[in-house]
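There are 2 protein chains.
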Amino acid sequence: MSLNHLDEHDHHYLASLVPPDRISTGQSNLHTHSRDQSRHPAVRPEVVIWPHTTEEIAAILRYADQRHLPVTAWGAGSSLEGNPIPVAGGIVLSFAQMNRILDIRDNDFQVDVQPGVIYKEMNHQLRHTGLFFPPDPGAAATIGGMIANNASGTRTVRYGSTKDYVQQLTVVLADGEIIEIGNRAAKSSSGFDLLHLFVGSEGMLGVVAQATLRLTGIQEEFAWAVATLPTIAAAGRAVFDIRRSGIDPAAIELLAPECIEVINRARQFGLTCSPTLFVELHGPTRQHLADAMQILEEICRNEGCLEFKPGLDRTERDRLVEARHALGEMIAQAHPDHKRVVIDVAVPISTYPEMIAYAREESLKVDAASAYTFGHAGDGNIHLVVGARPKDAQTWQAIDALNSRMVAKALALGGTATGEHGVGIGKIKFMTAEHGPSLAWMRKIKHLFDPNGILNPGKMFPDNE
Amino acid sequence: MSLNHLDEHDHHYLASLVPPDRISTGQSNLHTHSRDQSRHPAVRPEVVIWPHTTEEIAAILRYADQRHLPVTAWGAGSSLEGNPIPVAGGIVLSFAQMNRILDIRDNDFQVDVQPGVIYKEMNHQLRHTGLFFPPDPGAAATIGGMIANNASGTRTVRYGSTKDYVQQLTVVLADGEIIEIGNRAAKSSSGFDLLHLFVGSEGMLGVVAQATLRLTGIQEEFAWAVATLPTIAAAGRAVFDIRRSGIDPAAIELLAPECIEVINRARQFGLTCSPTLFVELHGPTRQHLADAMQILEEICRNEGCLEFKPGLDRTERDRLVEARHALGEMIAQAHPDHKRVVIDVAVPISTYPEMIAYAREESLKVDAASAYTFGHAGDGNIHLVVGARPKDAQTWQAIDALNSRMVAKALALGGTATGEHGVGIGKIKFMTAEHGPSLAWMRKIKHLFDPNGILNPGKMFPDNE
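So the protein sequences, as listed, match chains F and S. Each step along the first sequence adds one to the number in numbering that gives the first Met the number 0, with nothing skipped, and position 42 is 41. Each step along the second sequence adds one to the number in numbering that gives the first Met the number 0, with nothing skipped, and position 113 is 112.
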């Protein structure tokens, strides 16, 4: 990387672009923006700036590009592969203060937002419209971060990923040029699809300054079920059969027995410690859900289901969802002396039983590690959380090898190295294996949009220039 | 364009790449590949080649790129904006013989196909799996053409466009390099989204040699309704209310009275000649559809519906769908001395009533023209078919002006110049207005992937080099 560090003149110039309370070199601010939720090493930026407008972002980038200063956009820092860690230092652009909902256009099923808005907060504010933005990564992510990462989550099996909900973007390019891409019609065949090029680009092609999101209607009725299966293999087969049945669940989450154990401990659910599926159903009528529930139960019974607990109670459902979302936290509390890595891969759905069986077997081989298998099973997405003592170098070596084996297995099955956490730093080493010759084209596109390599440097590409 | 015409050596060399029965300079073959379904002037290619393999495509492109020979990929020639007309001559690559289904992987809800397969034929062959590929442009389009154009149609309101169903592509780039993009997992956050860059690129960035498509389950039950509304404005409002209601129809087609008239004449339906909505419902149970039908009827009654005819009979439904798909043909037959243009725009759904009212008013101002308004109303997509005698220059001038006004109106409402027919030749002149500065970035991407400009030259960009 031929990038520069900031000199005194740079600091002075940047300070001239925003009021003094929106730029900081304070240690506490630099520290806050030095790491995400992963165990990738913290690197402090040299300055944090909180822009309020597209034009401010453009002015900052224009200058940074001329001076070859690194610029990393920052949402909530909730990513899991080191995606926003400013590994080359430079400028962090925090969107914490560009967090407004600009226009709720419920008549078009759309909302215009600034990138710093937290998606949960946005959905809360949309509630009166009967519409919502479905992608649900669990963490308190910002829309900008979700766009950068093409975030998805528990509801993706039915409702899709962030990429399916982005209509229009205002993007500031590396040299400060402002472009608008997309439109507000429900569909279009006009020109190359620049929109999807920016979604999932991890802030490496441009900085999103405004977004128009598509919304969808909240279904009238919901129901859920907790199904306890005898083995991981049986759970995997049940997931596959549920996907085949056409009941179109809103979530199919798999939890291995060790996950149930920590949930029971943390929330006193008293669930049987065996592989468990949490399934949520959305539908227009109670009858519709009752029919779907019957099919769901039959599938689970066919796989030797030990318990099948259907529910219609929202409080109970909310408790379950909360517990599922808090699982990472519970695992952390169960092993306070461990650091963790989340191995996130996705595979074609027919191979899901094989992939989860592999994850379980391989993780058991790593001595002295804590290992938890769960995932958004309906998408063929698996999360294997493995932890060890930070200084236990031998175990960490084994965990790294496990990570590589998991990715190799997923790729061999036709899957992907990262189902939803992005490439960031952690998945760089698998990009050549996953993408082959097309990786070179991603590099060329990066070079086209960001010839000086100032935007979120050090990510995605091996041997990054 | 600094492109060459083929010389004798070129013909000889290309003839060495495929067997003699798969390359032709016969006038009849050149004529067949000189025009699509639009009224854009025919231009004959200099040679037509029918590749059978990815490697053959690569060998042809490698040579064409060195020699700066134009190459235009050809599916079924069913497009409507001149998209595959080889305006610079050169080579047409016809995919008519690369039309096999390679692997039905119904366990993954996926199918691997060659680009020349006709989507209807493919869906027919998939029927036993209970799965289908939903985008439905009506014409006998090939999958390759649908990918090039991001095709959509009657079912898009519920099921999405072609872009939502492309999982993996084998693409041959301009210089003959073969790349694979995408994977077979239901979701991924790995690297830049090259997949969507190729979908809708109109064969200008590369040539698709193989595709893996996502499939979805055929719903158990269906129902349909024909609703006759008193005015176009009332029909527009009903469309909007149906979209708001959450009943999630599989199709909402609008037909203006003049369309009903030709359908009655061609098929003896005896429908009332007034603005009409054809709505199709898909669902898991009869009860579900009955509930939805009740909501649908209420909405239409609120808009002063003159007739509401619900149906469950598949034969009757198939007759209606066939009639809707044959509408273009019927219009042609009603005015045998007219040539026609299909003005295709899409707007945000809240503005649909305004857009269709505008279309009707403006089209009435064009004397001596035949004009038909219809469209995939649920997506805010409108088709205005306007025809006149080929030599009636004055009327054609008025029609061109009408086309420009329609697009200007759609863009002013936040919509797009082309809802589903692509840019081709016909929409080039609106690209600057629609995309502004981002059009330059589309050009840069074109130049990156195809520096010599050999792939489908003369399309999408104004003043094409």
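From the three backbone atoms N, C-alpha and C, an ideal C-beta is built for every residue, glycine too. Computed from a predicted structure; not experimentally measured.
As computed with DSSP, I381 of chain F is found in a beta bridge with F:V344. With respect to the C-alpha of Q96 of chain S, the residue from S:V320, S:H51 and S:I59 having the closest C-alpha is S:H51. A residue is called buried once 16 or more other Cβ atoms fall within 10 Å of its Cβ, and R183 of chain F is buried on that count.
DSSP, reduced to helix, strand and coil, places R213 of chain S within a strand of the structure shown. Within chain S, no C-beta atom comes nearer than 7 angstroms to that of K458 of chain F; the closest sits roughly 11 angstroms away. For D107 of chain F, the residues of chain S that pass the 7 angstroms Cβ criterion are P347, I348 and S349, in the order they occur in the chain. R266 of chain S and Q109 of chain S have their C-alpha atoms spaced approximately 37 angstroms apart. Collapsing the DSSP output to three states places R323 of chain S in a helix. Positions of the alpha helix (DSSP H) runs, each at least 4 residues long and wholly inside the region 146-172 of chain S, are given as 155-158 in order along the chain. Look at the region 377-393 of chain F: the residues with a C-beta under 7 angstroms from a C-beta of chain S are D378, G379 and N380. Restricting attention to S:A370, S:L214 and S:I178, the CA atom closest to the CA of L401 of chain S is found in S:A370. Within the region 45-84 of chain S, the complete alpha helix (DSSP H) segments at least 4 residues long are 53-66, listed from N- to C-terminus.
Among the residues of chain S, those whose CB is under 7 angstroms from the CB of E433 of chain F are S189, following chain order. In this structure, the alpha-carbon of I398 of chain S lies about 10 angstroms from that of D366 of chain S. Identification of chain S residues near Q286 of chain F by a Cβ-Cβ cut-off of 7 angstroms yields Q286, ordered along the chain. As for any alpha helix (DSSP H) of minimum length 4 sitting wholly inside the region 400-441 of chain S, the runs are 430-434, ordered along the chain. Counting only the Cα atoms, G245 of chain F lies some 54 angstroms from K390 of chain S. Boundaries cannot be given for I246 of chain F, as no alpha helix (DSSP H) includes it and DSSP labels it neither H nor E. Judged by DSSP secondary structure, A291 of chain S falls within the alpha helix (DSSP H) whose first and last residues are R285 to N301.
Assignment of V278 of chain S by DSSP, reduced to helix, strand and coil, places it in the strand class. Residue contact check for T417 of chain S against chain F: a CB pair falls below 8 angstroms. In the three-state reduction of the DSSP assignment, H8 of chain F falls in the helix class. The C-beta of S27 of chain S has fewer than 16 other C-beta atoms within 10 Å across all chains shown, which makes the residue exposed.
About 4 angstroms separates the Cβ atoms of A255 of chain F and T372 of chain F, confirming a contact at the 8 angstroms cut-off. With a threshold of 16 other beta carbon atoms within 10 Å, H39 of chain F meets it and is buried. Of the other Cβ atoms in all chains shown, 16 or more fall within 10 Å of the Cβ of Q209 of chain S; this residue is therefore buried. Only exposed fits L363 of chain F, as fewer than 16 other CB atoms lie within 10 angstroms of its CB. Nearest neighbour of H434 of chain F by Cα position, chosen from S:V86, S:T128 and S:Q167, turns out to be S:Q167. Contact between F132 of chain F and Y164 of chain F holds, with the beta-carbon distance rounding to 6 angstroms and staying under 8 angstroms.
Legend: CB atoms of the region 105-131 of chain S lying less than 9 angstroms from CB atoms of chain F belong to residues D105, N106, D107, F108, Q109 and G129. Residue burial annotation: E306 of chain S is exposed, with fewer than 16 other C-beta atoms found within 10 angstroms of its C-beta.
Taking the beta carbon of I56 of chain S as reference, no residue of chain F falls within 7 angstroms; the closest one sits roughly 16 angstroms away.
By the Cβ-count criterion, G269 of chain F is exposed, with fewer than 16 other Cβ atoms from all chains shown falling within 10 Å of its own Cβ.
The beta-carbon of H4 of chain S is placed no less than 8 angstroms from the nearest beta-carbon of chain F. At a Cβ-Cβ threshold of 8 angstroms, T141 of chain S and V171 of chain S do not count as neighbours. For A358 of chain F, there is no enclosing beta strand (DSSP E); the residue is found in the alpha helix (DSSP H) stretching over Y351 to L363.
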